[in-house]
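The block underneath contains the structure these notes are about, expressed in structure tokens.
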Amino acid sequence: MPTVLPAADLESNPRVKAVFDDIRATRKSDFINNIWRYMAFDEDLLERTWDEVKSVMATPSELDPLTKELIYLAVSIINNCEYCVHSHSAAARAKGMTTAQHGEVLKIVMLAAKTNHLSNALQVPVDPEFMLKED
């Protein structure tokens with residue numbers, strides 16, 4: 016159950032409308048998903064979060080868009096965020112993720128979680144070779 020409810024007419028607020036319009040333009044879609052609708056109770060939070068998401072996820076960078084979505088999906092799985100798992104699975108599929116790639120991501124997440132837990136449980140010291148060294 017949500018902890019806040021979106022206003023009946025969110026876009027009557029000019030700041031919310033501006034963010035929603037930018038989301039539509041950036042994504043080339045009329046769809047505004049629930050995370051933005053529910054976050055719109057606080058215009059500052061909505062604006063800051065969208066700016067950050069747009070900057071990281073929608074701006075060309077060293078990582079291709081599918082890789083970004085796969086990373087976001089993996090982190091969402093680890094953080095147990097049902098909403099983000101579904102949202103970023105859909106986004107990854109839209110960016111070309113195949114069923115086989117999805118399965119591979121799940122295997123990697125499962126393996127990383129297992130070996131992370133083992134390393135923490137055993138308190139394995141980090142190999143000096145893995146430490147960043149100054150030139």
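Going by our numbering, the letters in the sequence shown line up with residues 16 to 150, in that order. Even for Gly, the Cβ is constructed at its ideal location relative to N, Cα and C.
key: Residues near L60 by beta carbon distance below 8 Å, same chain, minus five either side   = Within the sequence shown, residue 60 is the residue found at index 45, counting from 1. Counting only Cβ-Cβ distances below 8 Å, and skipping sequence neighbours, we find M54.
query = On the premise that F35 lies in contact with I47, defined as a C-beta separation below 8 Å, what is that separation, rounded to the nearest angstrom?
reply = The residue labelled residue 47 in the question sits at position 32 within the sequence shown. The residue labelled residue 35 in the question sits at position 20 within the sequence shown. Yes, they are in contact, since the Cβ atoms of I47 and F35 sit about 5 Å apart, within 8 Å.
ask   = Taking all protein chains shown into account, do 16 or more other C-beta atoms lie within 10 angstroms of the C-beta of K83, making it buried, or fewer, making it exposed?
value = Here residue 83 refers to the residue found at position 68 of the sequence shown. The residue in question, K83, is buried, as its Cβ has 16 or more Cβ neighbours within 10 Å.
task = Report yes or no: do the segment 108-115 and the segment 73-83 share at least 3 C-beta pairs separated by less than 8 Å?
result = The segment 73-83 and the segment 108-115 touch, with three or more beta-carbon pairs separated by less than 8 Å.
task = Count the other C-beta atoms from every protein chain shown that fall within 10 angstroms of the C-beta of A40, then say buried if there are 16 or more, exposed otherwise.
result = Here residue 40 refers to the residue found at position 25 of the sequence shown. Within 10 angstroms of the beta-carbon of A40 lie fewer than 16 other beta-carbons, which makes it exposed.
key: F46 in three-state terms, based on DSSP   = Counted from its first residue, the sequence shown places residue 46 at position 31. Note: F46 maps to coil in three-state DSSP.
ask   = How far does the alpha helix (DSSP H) with S134 in it reach, from first residue to last?
value = Reading the sequence shown from its first residue, position 119 is the one you call residue 134. Unbroken alpha helix (DSSP H) run through S134: 114-137.
ask   = Which residue comes first and which comes last in the alpha helix (DSSP H) that contains L88?
value = For the purposes of this step, residue 88 is taken as the residue at position 73 of the sequence shown. Run containing L88: 80-93, per the alpha helix (DSSP H) assignment.
request  = Pull up the distance between the alpha-carbon of V141 and that of I93, whole angstroms please.
outcome  = In the sequence shown, residue 141 corresponds to position 126, counting from 1. In the sequence shown, residue 93 corresponds to position 78, counting from 1. If I take the Cα positions, the gap works out to 22 Å.
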